[in-house]
Amino acid sequence: MISNSERILIVEDDPRICRLLERYLTKESYEVFVCHSGVQFRDELELRKPNCVLVDLKLPDVNGLDLVREVRSEYPQLGIVVITGSGETIDRIIGLELGADDYIPKPFEEREVLARIRSVLRRQQLNPLEQKSASLTFNDFTIHFDRHVLLKADVPVDLTSREFALLVVLIEAKNKVLSRDKIMDLLVGRDWFPSDRSVDVLIGRIRKKLGTNPDDPEIIKTVRGAGYLFALKLNRQE
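If you read the sequence shown in our numbering, its first letter stands for residue -9, the second for the next number, and so on.
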């Protein structure tokens, strides 16, 4: 269970939407702060130190996509949920690619708002690495969580956002077997809704890019009837 002592910061220029979101979240015992511009948001972000932020993509003084990029760069572990209009599909996708964890489409319902925020906060609690290091090494690879990049001997490995997200999930399990259901639970709410088959396909792609033998993978092993295991020892870097 998530203890609803988390702080949530909303940046939205529509007072009506702010009131709705504040009512939904306050009722669930979250500590809620509201601002109406990008400038005010930056000040409140530093002051309030929230666990999650809700960012409207259509703000009066800044581009919401630029704000998402900036926040993700400066606060790599912060939960980010973008608020989008019903017709803003492209902006929503770009926002997720820039580092947002999820999105809330307008018009929204209370249950959906709460479910998406809880999902983001739950993934934060399931992340044992977030307070320990910004990067880890294994074999010839270094993964930088804050920069969303995997390097092999200082050369970037061409991972898609989905492949990177799945690799991070496996690494964070720290030599524990993850079932396909568990992997899907940890990944749902980003920019896709995985299935058993999509997880298998992505595992195959990651293995190929890591250069492992598909018949005898060294790094990501298949545990028959159970799931997948990231099998290497990890070295933390501060």
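Glycine is no exception: its CB is placed at the ideal position from the N, C-alpha and C atoms. From a predicted model like this one, the values you see are computed outputs, not experimental measurements.
#### Entry: Residue of ILE210, CYS42 and LEU88 minimising C-alpha distance to GLU60
Here residue 60 refers to the residue found at position 70 of the sequence shown. Among ILE210, CYS42 and LEU88, the Cα nearest to that of GLU60 is on LEU88.
### Task
Let me know the secondary structure DSSP gives SER125 once reduced to three states.
Numbered from 1 along the sequence shown, position 135 holds the residue referred to as residue 125. In this structure, SER125 counts as strand in the three-state DSSP scheme.
#### Entry: Own chain, CB closer than 8 angstroms to CYS8, minus 5 neighbours either side, in chain order
One-based indexing of the sequence shown puts residue 8 at position 18. Here the set comprises ILE0, GLU2, VAL24 and HIS26.
### Task
Kindly indicate which residue of ALA124, ASN203 and THR150 has the alpha-carbon position closest to the one of TYR65.
Working through the sequence shown from its first residue, we reach residue 65 at position 75. The residue with the shortest Cα to Cα distance from TYR65 is ALA124.
### Task
Return yes when the Cβ of GLY201 is within less than 7 angstroms of the Cβ of LEU168, no when it is not.
One-based indexing of the sequence shown puts residue 168 at position 178. One-based indexing of the sequence shown puts residue 201 at position 211. Against a cut-off of 7 angstroms, the Cβ pair of GLY201 and LEU168 comes out as no contact.
#### Entry: C-alpha distance - ALA221 paired with SER109, whole-angstrom precision
Your numbering for residue 221 matches position 231 in the sequence shown. Your numbering for residue 109 matches position 119 in the sequence shown. Take the alpha-carbon of ALA221 and the one of SER109: they are about 27 angstroms apart.
### Message
Using the three-state DSSP reduction, which class does THR16 fall into: helix, strand or coil?
### Response
Here residue 16 refers to the residue found at position 26 of the sequence shown. Note: THR16 maps to helix in three-state DSSP.
### Query
Buried or exposed: which applies to ARG106, given that a residue is buried once 16 or more other Cβ atoms fall within 10 Å of its Cβ?
By one-based count along the sequence shown, residue 106 stands at place 116. The residue is buried, with at least 16 neighbouring Cβ atoms inside 10 Å.
### Query
For the candidate residues ASN41, ARG197 and ILE133, whose alpha-carbon lies nearest to that of VAL158?
For this step, residue 158 is matched to residue 168 along the sequence shown. For the residues ASN41, ARG197 and ILE133, the minimum Cα distance to VAL158 belongs to ILE133.
#### Entry: Endpoints, alpha helix (DSSP H) assigned at LYS172
Translated into the one-based positions of the sequence shown, residue 172 becomes position 182. That run of the alpha helix (DSSP H) goes 170 to 177.
### Query
What's the C-alpha gap between LYS142 and ALA155?
On the sequence shown, position 152 is the one that residue 142 refers to. On the sequence shown, position 165 is the one that residue 155 refers to. In a straight line, the C-alpha of LYS142 is about 17 angstroms away from that of ALA155.
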